[in-house]
Amino acid sequence: MSVRIYNTLTQKKEPLNPLEPGHVKLYVCGITSYDYCHIGHARSSLVFDMIVKYLRYCGYKVTFVRNFTDIDDKIINRANEQGTPPSQLAARFIDEFYRDMDYLGLQRPDIEPKATEHIDDMIGLIETLIAKDQAYAVDGDVYFAVEHFPAYGKLSRRRLEDMQAGARITINEKKRHPMDFALWKHSKAGEPAWDSPWGPGRPGWHIECSAMSKKYLGDTFDIHGGGKDLIFPHHENEIAQSEAANDKPFVNMWVHHGFVTVRNEATAENEKMSKSLGNFLTIRELSEKYHPEILKLFIFSTQYRNPLEYSEQAMLDAETGLTRLYESIAGIDAIKRKPADIAGTVITDKEADKIDSLEERFRQAMDNDFNTAQAIGQLFDAAKTVNKILRKLPEEQAPADLARLDQAREAIIRQGRVIGILNEPAQVFLERRKRETIRDAVIDPAAIETLIARRNEARKNKDWKLSDAIRDELLAKSVELKDGPDGTTWSVKRD
RNA sequence: GGCGGCGUAGCCAAGUGGCCAAGGCAGUGGUCUGCAAAACCAUUAUUCAGCGGUUCAAAUCCGCUCGCCGCCUCCA
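Offset between the first sequence (1-based) and this note's numbering: plus 45.
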């Protein structure tokens, strides 16, 4: 059994076979730092974090590189609008990015190279391409000659002729072929500039990834990832640059995740969330409303390659589901343990098997191109089994049953953490959730406790009318009561 | 126009040719409860957009039709 991953290059699921056995080298295109990150960036970060976590869980050593594009036309334009130096703007949004990543609870990649710190590497690569007649300099610019690279289009499956037909290509007299793309751009007065053999300028967008991946991962590495929108032109161009320069295959597997879409109220249709459409929701906004694990459960409830529609309702569903998992764990934590000296068991073979096979079923789902949706289904299935057992657990329990429940608890948490959830003690999560929901309640906890006491007094006197009146009163304020064997507990109902 | 993808229950979403088509949310009936809530049990797609084809066998493979989305311009 092995991890199978969908490779955009071959359009097939393929077994992962690292060039260096047991060591996966992964490069992911990171952000261009000129604005706050949106939920689409969150999906990207979460998906690759999950992939890294899962591969490590499987025993692989993973070297994970993710870059920052900190010099680019968009950065320059935005900096000019705001009257700040581009370098300052870029640095600021890298900080903001880290704040978002911390909210999501993500580990840092092993290496996070910045474009501006690798200008020399890029210049070296461009010189190699010019020497090989794969690139040419014109008036301080350098362009890649796509016609000199026969494999151009192999990732995005398009031919040069087809692209020209419908493309919106800006006419550029300097280019020999309309699809040639810039490796180096000469700088106008006042723009950031680095010295180069072609005069002062800055790198084109694509060359940084070719240069930095080569530096940190070598000429050929295992996996290169990014959003589907990067397939063309960004990744296509990276392949062209790297393979033309190195004369070696660039990347073995290309992994691309799908978009987050959002409903357009005007057209009632889903559309990609993007800056140009102005319909994006920032991670910062989400962080004010939702626990990060809710966002993760929402994002991983769909396989990473499929589109994902964001909605408040979907987030509320995810919250309900996450709470369900935590409550199941809390149920095990709350067992009043009185091990009895009995060999018997209340756990059926089928239930025992559900628990014993959880890890295996989880791995099967994840091995199949990181099918988190299916994997999560296995977690819920296990939680259901746990609940079933808890319900029939006697006051004095068989040690074997307690051991099995502890095993279940451990297994659910361990698998959950691969997708970034169940990181907190269940009680902490549930208590905090309760506190957070209290904020929305129109009544304070002390008053609730007073009412509960009055109601329990009424119940003792079998004054059901008063008892129900108090319960209804609290329910009207979204406070839900639960009468259990150990007294009455309450929670805030969300609607 | 070129290329890629999607269409599975009220909603979300798995399904790598062959036991009863996972799982979640919502719903319904029941157990429990003074009544509730939670939990549990049962139930909710004789069917996988439609039509053909391949096969002993297809949601899964092939073709066509319809609908939707994305890329081809910056984009996760």
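We put the beta carbon where it would ideally sit given N, CA and C, even for glycine.
Problem - Between the CA atoms of Asp362 and Tyr335 - distance to the nearest angstrom - result: Cα to Cα, the separation comes out at about 12 Å.
Practice task
Determine, using beta carbons only, whether Ser201 and Glu281 come nearer to each other than 8 Å.
Solution key: yes
Practice task
Measuring alpha carbon to alpha carbon, tell me which of Tyr349, Arg436 and Gln442 ends up nearest Ala418.
Solution key: Tyr349
Problem - Where the alpha helix (DSSP H) through Tyr544 begins and ends - result: For the chain, the structure presents residues 46 to 540; residue 544 sits outside this window and is missing.
Handout entry: Cβ pair Tyr81, Glu157 closer than 8 Å
Key = no
Exercise for the section: Out of Lys159, Tyr355, Pro490 and Glu441, point me to the one whose CA is closest to Glu316's CA. Expected result: Tyr355
Problem - Stretch-stretch touch, CB-based, cutoff 8 Å, three pairs: the segment 473-482 with the segment 506-516 - result: no
Practice task
Output the distance between the C-alpha atoms of Lys341 and Val307, rounded to the nearest integer angstrom.
Solution key: 17 Å
Problem - Cutoff 7 Å; reference Ala471; Cβ partners in own chain excluding five residues on either side - result: Tyr371, Ile374, Ala375 and Asp378
Handout entry: Coarse secondary structure for His302, derived from DSSP in three states
Key = If DSSP states are grouped into helix, strand and coil, His302 belongs with the strands.
Problem - Reduced DSSP secondary structure (H/G/I, E/B, other) of Leu447 - result: helix
Practice task
Assign Glu192 to buried or exposed, taking buried as 16 or more other Cβ atoms, counted over all protein chains shown, within 10 Å of its Cβ.
Solution key: exposed
Exercise for the section: Report the residue ranges of all alpha helix (DSSP H) runs contained in full by the segment 345-378; include only those spanning at least 4 residues, in chain order. Expected result: 357-378
Exercise for the section: Indicate whether the contact test is met: 3 or more Cβ pairs, each with one atom in the segment 289-298 and one in the segment 173-186, closer than 8 Å. Expected result: yes
Exercise for the section: Could you have a look at Thr430 and say whether DSSP puts it in helix, strand or coil? Expected result: helix
Problem - Complete runs of the alpha helix (DSSP H) confined to the segment 145-223 [at least 4 residues] - result: 164-176 and 205-211
Problem - Proximity winner among Arg111, Ser255 and Glu357, relative to Asp165 (alpha-carbon distances) - result: Ser255
Practice task
For my contact list, His83 and Phe266 are in at a C-beta cut-off of 8 Å; report their separation, rounded to the angstrom.
Solution key: Contact doesn't hold; Cβ gap of about 28 Å is too wide.
Exercise for the section: Pull up the DSSP beta-bridge partners for Asn315, would you. Expected result: Arg308
Handout entry: Own chain residues within Cβ distance below 8 Å of Ile457, not counting five before or after
Key = Leu370, Ser373, Ile374, Leu403, Leu424, Ala427, Ala428, Val431 and Leu467
Practice task
Buried or exposed for Trp509, please, with buried defined as at least 16 other CB atoms from any protein chain shown within 10 angstroms of its CB.
Solution key: exposed
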